[in-house]
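Asker: Okay, here's the structure, questions in a sec.
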Amino acid sequence: MDEREAVTVVRLRAGTARQPSFFVHWKRALRHSLALFFYALNCPLAAVGQPITFAAIGDFGSDNISTKQVAGLVKSWRPDFILTLGDNNYPSGSAATIDRNIGQFYHEFIGGYHGRYGAGAATNRFFPCLGNHDWVADGAKPYLDYFTLPGNERYYTFRRGSVEFFCLDSDAKEPDGTAPGSVQGRWLQQQLTNSTAPWKLVYFHHAPFTSGTQHGTHTGETKRMDWPFRDWGASVVLAGHDHIYERIHTNGLVYFVNGLGGDSRDKFHRVPVAGSVKRYSADFGAMRVQASEKAMLFLFFNRHGSVVDSYQMVKPEAAAAGK
Ligand SMILES: [Zn+2]
16 MDEREAVTVV
26 RLRAGTARQP
36 SFFVHWKRAL
46 RHSLALFFYA
56 LNCPLAAVGQ
66 PITFAAIGDF
76 GSDNISTKQV
86 AGLVKSWRPD
96 FILTLGDNNY
106 PSGSAATIDR
116 NIGQFYHEFI
126 GGYHGRYGAG
136 AATNRFFPCL
146 GNHDWVADGA
156 KPYLDYFTLP
166 GNERYYTFRR
176 GSVEFFCLDS
186 DAKEPDGTAP
196 GSVQGRWLQQ
206 QLTNSTAPWK
216 LVYFHHAPFT
226 SGTQHGTHTG
236 ETKRMDWPFR
246 DWGASVVLAG
256 HDHIYERIHT
266 NGLVYFVNGL
276 GGDSRDKFHR
286 VPVAGSVKRY
296 SADFGAMRVQ
306 ASEKAMLFLF
316 FNRHGSVVDS
326 YQMVKPEAAA
336 AGK
């Protein structure tokens with residue numbers, strides 16, 4: 016906010032020695048109120064420590080009614096920004112489908128948007144990660160051309176409010192590797208170590224723990240993403256790939272699988288993965304997260320707005336104080 020605006024508004028409220036006429040006063044007050052209102056509307060950047068609300072969607076990139084309905088739900092929350100958990104553009108990450116699969120539903124959140132569905136965001140509020148379907152296109156070029164993201168755009172970090180976000184590229188085609196000791200792995204370890212944020216949220220596409228039939232832990236397909244996230248300081252891990260919702264408490268962390276963003280729905284393996292607490296794939300849906308310095312509340316809703324799962328993480332000191 017322009018500090019002068021705030022000062023003026025306070026003075027107008029407090030009154031001044033030389034009172035302007037009622038009409039002039041009213042006009043100024045209106046002008047400043049409008050300026051503040053539009054500032055609030057356009058301000059996606061929560062200051063450090065300020066509570067934030069964001070959405071997370073996974074495996075959504077299809078032009079169909081489910082994706083549209085999930086997008087409607089997400090937008091009804093008026094989130095500060097949206098994370099995606101990959102597979103943003105089915106089936107092959109193509110430039111020919113990317114705007115129809117993403118921009119059609121979420122253009123208002125995308126910075127530097129040049130698609131055909133209307134205006135984008137003045138400041139980017141859409142933070143996707145790469146999925147295997149995005150990588151079907153050579154070099155994931157359509158994705159990298161479409162979005163304007165921090166860092167090298169494949170893996171990156173950004174901070175909002177009390178949360179630092181760490182987006183990884185978990186696809187085997189990632190040039191900097193997907194092992195904990197790879198260039199990307201060492202980057203993450205360093206970034207987590209350096210971060211002073213109260214909460215450190217890691218997100219990527221290939222869920223290391225999942226009970227899904229397609230890509231579940233039982234298949235061994237995504238074992239490569241079982242990194243020492245907790246040892247490196249992460250607070251929580253979000254991923255997708257299996258088109259299910261699941262909350263798993265393992266390795267001293269909470270892992271969410273969230274792949275019900277609209278493409279299709281998968282089933283569960285008959286034996287759930289160790290630590291699985293909640294499993295759902297009866298309908299599509301999305302996650303809403305509210306984060307303050309002391310707590311993070313994760314809610315998963317189905318596309319009709321019913322709460323499927325609710326989980327709160329509280330800082331130990333806040334819990335001890337009964338806050
Ligand atoms: Zn996938």
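Using my numbering, the letters of the sequence shown map in sequence onto residues 16 to 338.
Idealized CB from N, CA, C, for every residue including glycine.
The model shown is predicted, which means the values in this text are computed figures rather than measured ones.
Tell me whether asparagine 147 counts as near ligand 1, meaning its Cβ is closer than 7 Å to at least one heavy atom of that ligand.
Answerer: At least one heavy atom of ligand 1 is nearer than 7 Å to the Cβ of asparagine 147, so yes.
Asker: Apart from the five residues on each side of it in sequence, which residues of its chain come closer than 8 Å, Cβ to Cβ, to proline 165?
Answerer: Within the same chain, proline 165 has close Cβ partners Tyr171, Thr172 and Phe173.
Asker: Are there 16 or more other CB atoms within 10 angstroms of the CB of asparagine 116, so buried, or fewer, so exposed?
Answerer: Under this definition asparagine 116 is a buried residue.
Asker: Sorted by chain position, which residues of the same chain lie with C-beta nearer than 8 Å to threonine 9's C-beta, five sequence neighbours on each side aside?
Answerer: Residue 9 lies beyond the residue range present for the chain, which begins at 16 and ends at 338; the question has no answer from this structure.
Asker: According to the neighbour-count rule (16 or more other Cβ atoms, all chains shown, within 10 Å of its Cβ), is lysine 215 buried or exposed?
Answerer: Buried, since its Cβ has 16 or more Cβ neighbours within 10 Å.
Asker: For a test of your reading of the model: does the CB of glycine 196 fall under 7 Å from any non-hydrogen atom of ligand 1? Yes or no.
Answerer: No, Cβ of glycine 196 sits at least 7 Å from all heavy atoms of ligand 1.
Asker: Is valine 286 helix, strand or coil by DSSP?
Answerer: Coil.
Asker: Just how far apart, CA to CA, sit leucine 207 and alanine 111?
Answerer: If you take the alpha carbons of leucine 207 and alanine 111, they lie about 37 Å apart.
Asker: Any heavy atom of ligand 2 inside 7 Å of the beta-carbon of serine 291?
Answerer: With respect to small molecules bound, the structure shown includes ligand 1 and not ligand 2.
Asker: Less than 6 Å between C-beta atoms, sequence neighbours within five positions excluded: which residues of the same chain meet that for lysine 330?
Answerer: If we look at lysine 330 and ignore the five residues flanking it on each side, its Cβ neighbours are Lys309.
Asker: Quick check on this structure: which residue in Phe124, Gly135, Arg294 and Gly154 has the alpha carbon closest to the alpha carbon of asparagine 273?
Answerer: Of the listed residues, the one whose Cα sits closest to asparagine 273 is Arg294.
Asker: For the beta strand (DSSP E) holding valine 198, just list the boundary residues, first then last.
Answerer: It is not in any beta strand (DSSP E) - valine 198 instead sits in the alpha helix (DSSP H) that spans 198–209.
Asker: Between the beta-carbon of aspartate 281 and the beta-carbon of serine 296, is there less than 8 Å?
Answerer: Yes, Cβ-Cβ distance for aspartate 281 and serine 296 is below 8 Å.
Asker: Give me the DSSP bridge partner(s) of tryptophan 214.
Answerer: In the DSSP output, where bridge partners are listed per residue, tryptophan 214 has Val178.
Asker: For isoleucine 72, collect the residues of the same chain with a Cβ closer than 6 Å to its Cβ; drop the 5 residues on either side in sequence, then sort them by chain order.
Answerer: Answer for isoleucine 72: Thr99, Gly276 and Ala301, listed in chain order.
Asker: Rounded to whole angstroms, how far is the Cβ of tyrosine 218 from the Cβ of phenylalanine 180, which I believe are closer than 8 Å?
Answerer: Tyrosine 218 to phenylalanine 180, Cβ: 7 Å. Contact.
Asker: Which of the three DSSP states, helix, strand or coil, is assigned to threonine 225?
Answerer: It is coil, neither helix nor strand.
Asker: Should glycine 255 and glycine 146 be called a contact, given that it needs their Cβ atoms to be closer than 8 Å?
Answerer: Yes; because the gap between Cβ atoms is below 8 Å, this pair is in contact.
Asker: Please check the pair aspartate 114 and tyrosine 132, which I expect to be a contact at CB under 8 Å, by giving their CB distance rounded to whole angstroms.
Answerer: Indeed, because the Cβ distance is near 7 Å, the residues count as touching under 8 Å.
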